[in-house]
Amino acid sequence: MYKVKMTKIPWLEVGKSDVIFHIDSDDEKLGSLRISKGHIVWTPANKELSYWLSWHDFDKMATKNGQQKKAYF
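For the sequence shown, counting from 1, position 9 maps to 9 in the working numbering; every step adds exactly one.
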């Protein structure tokens, strides 16, 4: 089971500061997800290099590889 540790966050527009999520699975850190205005960045745990995607490339990857389900926002 994946866990994202965070408190209640109100609606937030990403500005100059990035938003970072630390992702864990069964008490093991999987990595960190950084969200910025221009990119989404995945850094696996215990790695120095990150994977950068533009929002356009992220959209293509998600629609090609993701499961389509109803989102409740």
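From the three backbone atoms N, C-alpha and C, an ideal C-beta is built for every residue, glycine too.
Using alpha carbons as the reference points, say which of Tyr-72, Ser-54, Thr-43 lies closest to Ser-36. Taking the first residue of the sequence shown as position 1, residue 36 is located at position 36. Here the closest residue by C-alpha is Ser-54.
Arg-34 to Ser-17 span [Cα, whole Å]: The residue you call residue 34 lines up with position 34 of the sequence shown. The residue you call residue 17 lines up with position 17 of the sequence shown. Roughly 10 Å separates the two Cα atoms.
Distance, Cα to Cα, Leu-30 vs Thr-43? Start at 1 with the first residue of the sequence shown, and residue 30 comes out as number 30. Start at 1 with the first residue of the sequence shown, and residue 43 comes out as number 43. Distance between the alpha carbons of Leu-30 and Thr-43: 9 Å.
If you draw a straight line from the C-alpha of Asp-19 to the C-alpha of Leu-49, how long is it? The count along the sequence shown starts at 1 and reaches residue 19 at position 19. The count along the sequence shown starts at 1 and reaches residue 49 at position 49. The identity of residue 19 in the sequence shown is Val, whereas the question assumes Asp. Using only the alpha carbons, I get a separation of about 18 Å.
Option in Asp-26, Asp-24, Gly-38 with minimal Cα separation from Thr-15: As a working note, residue 15 is residue 15 in the sequence shown. Looking at the sequence provided, one finds Gly at residue 15 rather than Thr. Taking only the C-alpha atoms, the option nearest Gly-15 is Gly-38.
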